[in-house]
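Read in our numbering, the sequence shown has 477 at position 79, and its numbers run on one by one without any break.
Note that CB positions come from ideal geometry on N, CA and C, so glycine has one too.
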Amino acid sequence: MSAPERIPPRSVTPPPDADELLARGELTVRGRIREASNAALYCTVSHDGRDAACIYKPVAGERPLWDFPDGTLAQREVAAYEVSEATGWGLVPPTVLRDGPYGEGMCQLWVEAAPEAELLALVDGEEPEPGWKAIGFAEVGEGRTALLVHADDERLRRLAVLDAVLNNADRKGGHLLPTGEGRLYGIDHGVTFNVENKLRTLLWGWAGETLTREAVDVLEGLRKDLEEGGVLAARLQPLITGAEIDATRARVGALLASGKHPEPSGEWPAIPWPPV
Ligand SMILES: Nc1ncnc2c1ncn2[C@@H]1O[C@H](COP(=O)(O)OP(=O)(O)O)[C@@H](O)[C@H]1O
Ligand SMILES: [Mg+2]
399 MSAPERIPPR SVTPPPDADE LLARGELTVR GRIREASNAA LYCTVSHDGR DAACIYKPVA
459 GERPLWDFPD GTLAQREVAA YEVSEATGWG LVPPTVLRDG PYGEGMCQLW VEAAPEAELL
519 ALVDGEEPEP GWKAIGFAEV GEGRTALLVH ADDERLRRLA VLDAVLNNAD RKGGHLLPTG
579 EGRLYGIDHG VTFNVENKLR TLLWGWAGET LTREAVDVLE GLRKDLEEGG VLAARLQPLI
639 TGAEIDATRA RVGALLASGK HPEPSGEWPA IPWPPV
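Take a look at the structure:
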């Protein structure tokens, strides 16, 4: 989507002190994002002569969910950012918890997505073309089905690993933001870190395949950082419960033990609805 109002600078690679700007800057609401399922406000933040566009989701605007405790989506979004930072992959835009005009909430750097980047497609035939990975068959009306595919892209593959660690229950197409600079960001991480397996994603193209060497190295780093007293465990501690941190450590351990991308278990809808 495009922002309600265009305010420079556009966010591409975040400035190194983006967290500070987001956390300490003066927050001005510019508009409401209408298609959001929770209150999401497009804002600018300015501090020390610098400014940036961001999204602010106040906790007070969160819609209760049956399977997540009330008032925790903002913390989960920040926790997802912390894990992304610990991977070194930088897949989640800088995200902080802060006070704002509607009370405490999450504030995340706005990322301008490049609309021409093609990450998902619906194609004819049973097998994806080279450069694409199959997600599954989708009904496209008049009794016809088409193959839903995603790009065989190393950035998406990293995100698939991150989502498995986060236990992301909502990785849909609209939550993938490729930038004109060639970066890829994932957004909307409110429904993550549940202790039960809830992985729901479009990025099933590598299901059952061996993890890359790079992913294994990153997961080994996460395992260490998630140990009791580890840096990441300490950063997550104020954001999610101890049981949720333990479950995150267990997911990392299970990924390393299998050495493979997870496969759908079939007990829950593995694809988010709507998919885009
Ligand atoms: N950091 C961001 N940068 C750019 N666009 C964003 C960002 N966060 C959210 N959006 C836009 O706002 C919409 C609603 O945000 P989302 O995080 O999906 O909210 P909700 O939790 O209500 O589903 C997204 O679909 C996307 O278009
Ligand atoms: Mg959303």
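Check	Outcome
Cβ neighbours of Glu403 in the same chain (closer than 8 Å, five flanking residues each side left out)	With a pLDDT of 44 at Glu403, under the threshold of 50, the modelled position of this residue cannot be trusted; read the value that follows with caution. Contacts found: Arg428, Gly429 and Tyr440.
When Ala645, Trp602 and Cys505 are compared against Leu620, the one with the closest alpha-carbon	Ala645
Check: Ser435 C-beta below 7 Å from any heavy atom of ligand 2	yes
Distance, His548 Cα to Pro659 Cα	Looking at the sequence shown, residue 659 is not Pro but His. Their backbone Cα atoms lie some 16 Å apart in a straight line.
Cβ contact check for the region 469-482 and the region 622-634: 3 or more pairs under 8 Å	yes
Contained beta strand (DSSP E) runs [length at least 3] in the region 534-568, N- to C-terminal order	543-549
Gly523 to Val538 span [Cα, whole Å]	13 Å
Per-residue DSSP class, three states only, for Asp415	coil
Touch test, the region 520-534 against the region 446-461, Cβ-Cβ under 8 Å, three pairs minimum	no
For Ala421 and Val494, the rounded distance between their alpha carbons	6 Å
Near ligand 2: Asp561 beta-carbon under 7 Å from a heavy atom	no
Closer than 7 Å: Asp623 CB and nearest ligand 2 heavy atom	no
Backbone secondary structure at Ile643 - three-state DSSP	helix
Beta-carbon gap between Lys570 and Pro670 smaller than 8 Å	yes
The region 598-609 touching the region 445-452, judged by at least three CB pairs closer than 8 Å	no
Buried versus exposed call for Val616 [16 or more other C-beta atoms within 10 Å across all chains shown]	buried
Which listed residue (Ala512, Glu502, Gly578 and Arg474) has its alpha carbon closest to that of Ala634	Residue identity check: residue 634 is Leu in the sequence provided, not Ala. Of Ala512, Glu502, Gly578 and Arg474, the residue nearest in Cα terms is Arg474.
Arg430 in three-state terms, based on DSSP	strand
Min CB distance Glu460 to chain D below 8 Å	Among the protein chains of the structure shown there is no chain D, as only one such chain exists.
Whole-Å CB distance - Ala558 paired with Leu520, under 8 Å assumed	About 20 Å separates the two Cβ atoms, so there is no contact after all.
Beta-carbon separation (whole angstroms), Leu597 vs Ala477, contact threshold 8 Å	That pair is no contact at about 16 Å.
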